[in-house]
Structure formats: structure tokens, C-alpha cells
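Each remark here refers to the structure printed beneath this line.
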Amino acid sequence: MAAGPERSRCAAAILQSTTHTPIAAAGTMATESEGDMEFLWKWRKYLLLLATLVASVTYGAGLNPPGGVWSQDGGNAPEAQHGVRVVRLGAVNPPAPAVYPFRVGDPVLVHTYADRYTAFFYCNAAAFIASLVIIMFLLDRRISGNRVGLTVLRSAMLLDLLALMAAFAAGSCRSVVGSIYVSALFALVFAYVAIHVRLERSKKPADESHLKERRKFLLLLATFATPLTYGAGLSPPGGFWSETGAGHRAGAPLLHDGPYKIRYHAFFYANANSFVASLAIIMLLMSSTLSGRLARSYALPVCVLVELLGLMAAYAAGSCRWITTTVYIACLVGAVFLYILLQVVIAGYVSGIHNGETPQSNNPNNEEQLGVVQEGGVVTRRLESNNGQQGAEKVEESRSLLLLLATLAATVTYQAGLSPPGGVWPEGHLDNSHTAGNPVLHDINPKRYKAFYHCNTAAFVASLVVIVIVQSKELSSGAVVRRAALNTVMILDLFGLMGAYVAGSCRDGATTIYVAALAVAIFIYSIA
Numbered sequence: 000m001a002a003g004p005e006r007s008r009c010a011a012a013i014l015q016s017t018t019h020t021p022i023a024a025a026g027t028m029a030t031e032s033e034g035d036m037e038f039l040w041k042w043r044k045y046l047l048l049l050a051t052l053v054a055s056v057t058y059g060a061g062l063n064p065p066g067g068v069w070s071q072d073g074g075n076a077p078e079a080q081h082g083v084r085v086v087r088l089g090a091v092n093p094p095a096p097a098v099y100p101f102r103v104g105d106p107v108l109v110h111t112y113a114d115r116y117t118a119f120f121y122c123n124a125a126a127f128i129a130s131l132v133i134i135m136f137l138l139d140r141r142i143s144g145n146r147v148g149l150t151v152l153r154s155a156m157l158l159d160l161l162a163l164m165a166a167f168a169a170g171s172c173r174s175v176v177g178s179i180y181v182s183a184l185f186a187l188v189f190a191y192v193a194i195h196v197r198l199e200r201s202k203k204p205a206d207e208s209h210l211k212e213r214r215k216f217l218l219l220l221a222t223f224a225t226p227l228t229y230g231a232g233l234s235p236p237g238g239f240w241s242e243t244g245a246g247h248r249a250g251a252p253l254l255h256d257g258p259y260k261i262r263y264h265a266f267f268y269a270n271a272n273s274f275v276a277s278l279a280i281i282m283l284l285m286s287s288t289l290s291g292r293l294a295r296s297y298a299l300p301v302c303v304l305v306e307l308l309g310l311m312a313a314y315a316a317g318s319c320r321w322i323t324t325t326v327y328i329a330c331l332v333g334a335v336f337l338y339i340l341l342q343v344v345i346a347g348y349v350s351g352i353h354n355g356e357t358p359q360s361n362n363p364n365n366e367e368q369l370g371v372v373q374e375g376g377v378v379t380r381r382l383e384s385n386n387g388q389q390g391a392e393k394v395e396e397s398r399s400l401l402l403l404l405a406t407l408a409a410t411v412t413y414q415a416g417l418s419p420p421g422g423v424w425p426e427g428h429l430d431n432s433h434t435a436g437n438p439v440l441h442d443i444n445p446k447r448y449k450a451f452y453h454c455n456t457a458a459f460v461a462s463l464v465v466i467v468i469v470q471s472k473e474l475s476s477g478a479v480v481r482r483a484a485l486n487t488v489m490i491l492d493l494f495g496l497m498g499a500y501v502a503g504s505c506r507d508g509a510t511t512i513y514v515a516a517l518a519v520a521i522f523i524y525s526i527a
């Protein structure tokens with residue numbers, strides 16, 4: 000008889016556990032969804048900026064596809080190529096051969112690399128649509144504030160990154176080796192992020208308060224670097240061959256099949272590494288699960304180093320055609336990084352000394368200096384943090400503005416270096432007066448081109464130095480030496496931009512003098 004009540008109690012316990020388990024699971028899932036939504040909404044403005052830039056670059060790539068467009072009509076049969084239709088007597092004439100894609104304005108890759116163009120087109124279109132979906136969902140929380148909207152937003156973000164990767168792999172190169180290299184890099188990065196997200200979900204999330212500002216700076220840097228390297232990969236320096244000839248095909252990069260093949264390969268792999276590193280930074284920073292691990296690992300510093308070194312190497316290889324100029328850029332970058340390394344070592348040494356010191360207690364006014372007041376035998380510390388917090392907020396705001404300015408300057412100088420004013424020669428002459436892919440301005444007006452190039456290079460390197468200094472609190476602290484170094488680099492950046500614009504925006508002396516005088520007047524007015 001006693002077994003009956005015991006069985007009843009066990010059945011009731013089992014029934015209670017089975018009824019409460021789904022409810023608890025649903026509550027946990029709801030809590031995770033709310034946490035993910037709050038995480039994404041907190042970084043909404045950076046995601047909006049990233050989605051807007053990706054939408055812009057994919058829109059431009061869709062309208063101006065890699066490989067260029069045909070400049071003259073043609074067809075896939077002799078009679079169509081010459082605009083003559085052959086009439087065959089005694090037989091039914093076949094329909095006129097299709098001329099697509101040989102009409103003026105049609106993409107060249109449709110004919111020369113059909114499969115590669117198809118993959119690029121659909122992946123680029125998917126990235127463009129996914130970016131628009133992300134923008135719409137982030138603009139209105141009523142759409143993305145529920146579980147369904149959050150799932151759609153996550154799916155759109157994942158689709159955007161994957162489609163951007165695939166479009167870059169298909170459109171940035173014409174060889175199988177290049178596509179395999181880029182795809183392997185993407186696979187490694189994606190697998191690394193996926194594995195660590197899976198492993199970290201079971202762990203307790205760590206405090207990420209000290210990572211917040213660093214996350215903001217790095218995300219802003221990756222936001223601008225991603226569309227920059229994407230566009231540079233699809234439209235490499237030197238342009239594309241417009242016709243199929245001996246040793247090259249229409250739509251292939253001009254530098255790849257000319258005398259600068261090694262230089263092109265250096266640019267391609269460096270730019271691809273920087274693009275993949277930018278996407279890796281975005282995926283790592285946008286994962287709320289990996290926040291604790293990022294604070295303890297070297298994944299982010301390695302990605303940032305690869306990104307910046309890739310940008311510098313791609314600029315050195317793609318912006319010039321001469322070994323002496325490349326050596327000049329390499330020496331300039333080496334000197335800059337040596338200075339930064341010395342600053343890091345000095346900052347670490349000074350920080351270690353300060354951490355090892357003990358506060359002096361024999362000062363009679365020590366308590367007053369530290370803000371300690373004794374009342375009724377209880378020691379309380381006076382909270383004098385208002386001014387300190389305001390000062391810290393001003394410093395962080397200044398760092399954010401400097402990073403934004405330096406990132407924009409690096410973007411425009413990188414693009415201007417790879418696509419110099421005046422363009423490049425589309426094909427070489429028989430008398431070797433110029434080489435295909437060389438800047439036109441260099442052969443027409445060498446002094447003006449050299450002035451533009453060196454000023455633009457100085458501004459580009461100075462912008463990267465500002466980015467490195469600003470994103471590190473150790474390098475951008477209040478030390479007099481470091482503040483003077485930052486001010487010097489910023490002035491060099493602005494003067495480099497002014498000089499490059501003066502030299503590259505016009506061709507006659509009167510206009511050059513006018514633009515230079517205007518720039519100097521504005522600069523004097525700003526510091527007065």
C-alpha cells in the first residue's frame with residue numbers, strides 16, 4: 000500500500016519537471032535574445048555606418064563591374080564582328096548571331112570569364128540587398144525588437160559577410176590559385192570565429208568594460224578598411240586590358256600580364272590579407288559571446304597588425320612602378336613602426352615603475368591630497384570624480400574624432416595612390432615612349448607627379464600612424480612627448496593632403512598658386 004503514494008509522488012515530480020523544463024528553456028532563450036538585441040542596438044550606429052558603406056561599394060561594383068565594359072560593338076561570328084550579314088543562297092538563313100555581350104557598355108567578363116562574372120554578380124547583389132535589409136532593421140527597433148526580427152537581422156549580417164567574401168574571391172582575380180588563396184583565408188577566419196563562439200557559449204561572460212572603447216576604435220577602423228580594400232581588389236591599379244591579344248585576355252588586370260607582374264601579385268595578396276583581416280575584426284567584435292576571450296587573447300592585435308601592414312604593402316606595391324620609390328615607402332614605414340615600438344616599450348617601462356611604487360604615508364597632508372576625510376572614526380574617501388570623468392569623456396571624444404579624421408584621410412590617400420590623377424596608359428607604344436599601366440602624369444609632367452605622389456604618401460603614412468597612436472591608450476596618454484608626436488603627425492597629415500591636392504588637381508601654374516594660397520590662408524586662419 001505504501002508503494003502507491005510513492006509512485007504518485009514520483010509521477011507528480013516527473014510531470015512537474017517536464018512542464019517546467021520548456022518554460023525555463025524558453026525563458027533562457029528569451030533572455031539571450033534580449034541580451035543579443037541590446038548588444039547589437041548599443042553598437043547600432045557603427046553597424047549602420049558599415050552597412051551603408053558596404054551598400055555603397057557593392058552598388059558601385061554592380062554598376063561598374065571588375066574587368067570593365069566593352070568600348071566597341073562586336074559579335075561571336077565574323078559577319079557580326081564586321082556588321083555584315085552573309086546571305087546563303089539555296090538554304091534557309093539562320094538567325095543573326097547574338098551579339099551579347101559584345102555591345103558597347105556590356106561587361107567584358109561575361110565573355111572572357113563567364114563563370115567568374117556570374118559568381119561575382121550574384122554574390123555582390125546578395126551583399127547589396129543584405130546591407131539594405133540591415134539598414135532597414137537597424138533604423139526601426141519595432142521591426143528587429145522581437146525574436147523573428149533578431150533572427151532575420153543576424154541572418155542578413157551573416158549573409159552580407161559571406162556574400163562580400165565570395166564576391167571578392169570571384170571578382171578580384173582571374174586565376175584559380177588566387178581564388179583558392181582568398182577562399183582559404185576566408186574559411187580559416189570563419190572557422191576560427193565559429194569554433195570559439197561555440198566553445199565560449201558555455202562559459203561565464205567576462206567583464207568587457209575595459210574593452211568598450213577599444214572595440215569602438217577598432218570597429219571604426221575595420222568599417223572603413225573593408226569597403227576600401229574591397230573596391231581596390233575589384234578595380235586594381237593599372238586598370239584592365241580592353242582587348243584580347245598576345246599574352247593577355249580582355250578584362251584581366253593590366254599589371255598582371257605586363258612587365259609589373261610581381262608588383263601586381265604583391266599588391267593583390269597584401270590587399271586580400273588586409274580585406275580578410277578587416278572582416279575578421281568585424282566578426283570578432285560583433286560577437287557578444289567572444290567579448291571575454293577578446294580581452295585575454297591576441298586575436299585582435301594580430302588582425303589589426305595584419306590589416307595595417309597589408310594596407311601599407313598594397314600601397315607600396317600598387318601606387319608606384321619603380322623600385323626606388325617602393326624602397327622609399329618601405330623605409331618610411333619602417334621608421335614609423337620603429338618609433339611606435341620604442342614608444343610602446345617606454346610606455347610599458349614607465350607603467351611598470353609606477354605600478355611598483357608604494358604610496359607615501361609620512362606626508363601629513365597626504366590624506367588631504369588623496370581626498371580622505373575622517374568623520375566619527377569612519378574613514379571615507381571624498382568623491383572628486385566629476386572633473387575627472389568630464390576630462391576622460393573629452394579625451395575619449397577627441398580620440399574618436401582624431402580616429403575618424405585619420406581613417407578618412409587614409410581612405411582617400413589610399414585610393415588616390417592606386418588611381419593617380421591623369422589615369423594610366425592603356426597600352427604601350429612601339430617606340431617604348433611609355434609602358435602600359437604607368438601613370439600618364441608621370442610621363443607628361445614628372446615634377447608635378449612626384450610632388451603629388453610624395454605628399455600623398457606622406458599623408459597616407461601619417462594617417463596610419465595617427466590610427467595606431469589613437470587606438471592605444473598607452474601611446475595617446477597625456478605625456479608631453481607623445482602629445483607632441485601626435486600633433487606633429489596630424490600637422491604632417493594635413494600638409495600632405497594639401498600638397499597632394501595642389502599638385503594633382505590642376506596642370507597650370509596659375510591655378511596651382513591659387514589653390515596653394517587658399518590652403519595656406521585657411522590654415523593660418525584656423526591656427527590664429
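Residue 0 is where the sequence shown starts when you use numbering that gives the first Met the number 0, and the numbers rise one by one after that.
Beta carbons: idealized from backbone N, C-alpha and C, even for Gly.
Cβ-based neighbour list, residue i, same chain, cut-off 6 Å, excluding 5 preceding and 5 following
| i | result |
| --- | --- |
| G26 | Caution applies to G26, whose pLDDT of 46 falls short of 50 and renders its modelled position unreliable; the value that the coordinates give is listed next. Excluding positions up to five away in sequence, the list is empty. |
| T412 | N455, A458, F459 |
| C302 | A276, A279, I280 |
| A221 | S277, I280, I281 |
| G416 | Y314, S318, N455 |
| V464 | V335, V488 |
| P64 | P106 |
| F185 | M164 |
| M43 | As written in the sequence, residue 43 is Arg, which differs from the Met given in the question. Counting only Cβ-Cβ distances below 6 Å, and skipping sequence neighbours, we find L137. |
| G246 | D256 |
| V181 | A168, A271 |
| S130 | A50, V53, A54, D159 |
Length of the line joining the Cα atoms of residue i and residue j
| i | j | result |
| --- | --- | --- |
| R262 | N145 | 51 Å |
| A509 | A502 | 12 Å |
| M156 | V132 | 9 Å |
| F451 | Y314 | 15 Å |
| T228 | S55 | 13 Å |
| S174 | L493 | 40 Å |
| I128 | I179 | 26 Å |
| Y112 | A251 | 9 Å |
| V109 | G495 | 41 Å |
| V107 | R115 | 11 Å |
| A254 | T150 | According to the sequence displayed, residue 254 carries Leu and not Ala. Rounded to whole angstroms, L254 to T150 spans 44 Å at the Cα level. |
| A515 | I526 | 17 Å |
| Y297 | A461 | 25 Å |
| I523 | A484 | 21 Å |
| G232 | G148 | 33 Å |
| A183 | W321 | 31 Å |
| V519 | G177 | 46 Å |
| A499 | N486 | 20 Å |
| G66 | S171 | 9 Å |
| G333 | F189 | 31 Å |
| T243 | M497 | 41 Å |
| L337 | R141 | 51 Å |
| Y121 | V326 | 40 Å |
| L299 | M285 | 12 Å |
Proximal residues to residue i (C-beta, below 7 Å), its chain only, five neighbours per side dropped
| i | result |
| --- | --- |
| A126 | V53, T57, D159, A162, L163, A166 |
| A124 | G61 |
| H441 | Y448 |
| F266 | P235, P236, A313, A316, G317 |
| V103 | W69, S70, Q71, D72 |
| I22 | Legend: pLDDT at I22 = 45, less than 50; position of this residue unreliable, value from coordinates given subsequently. Hits under 7 Å: none found. |
| T511 | V501, C505 |
Delimiting residues of the alpha helix (DSSP H) encompassing residue i
| i | result |
| --- | --- |
| S462 | 445 to 469 |
| T256 | Per the sequence shown, residue 256 should be read as Asp rather than Thr. Per DSSP, D256 belongs to the alpha helix (DSSP H) from 253 to 256. |
| H110 | 108 to 111 |
| H264 | 260 to 284 |
| V514 | 508 to 526 |
| R153 | 146 to 170 |
| A435 | Segment: none, A435 is in no alpha helix (DSSP H) and carries neither H nor E. |
Residues near residue i by beta carbon distance below 8 Å, same chain, minus five either side
| i | result |
| --- | --- |
| R506 | N444, R447 |
| F216 | R398, S399, L402, V469, Q470 |
| I134 | L47, A50, T51, A54 |
| I466 | L220, L307, L402, A405, T406, A409 |
Cβ distance (whole Å) where residue i is taken to contact residue j below 8 Å
| i | j | result |
| --- | --- | --- |
| A329 | S273 | With 8 Å as the limit, A329 and S273 do not qualify as a contact, their Cβ atoms being about 16 Å apart. |
| A118 | A169 | 4 Å |
| G435 | W424 | Looking at the sequence provided, one finds Ala at residue 435 rather than Gly. Correct: roughly 5 Å between the Cβ atoms. |
Check: residue i C-beta below 6 Å from any heavy atom of the ligand FAD
| i | result |
| --- | --- |
| A245 | Looking at this structure, you won't find the ligand FAD or any other ligand, since it has none at all. |
Cβ contact (3+ pairs, closer than 8 Å) linking the region 236 to 251 and the region 278 to 287: no
Touching by the beta-carbon criterion (3+ pairs, under 8 Å), the region 246 to 266 and the region 299 to 308: no
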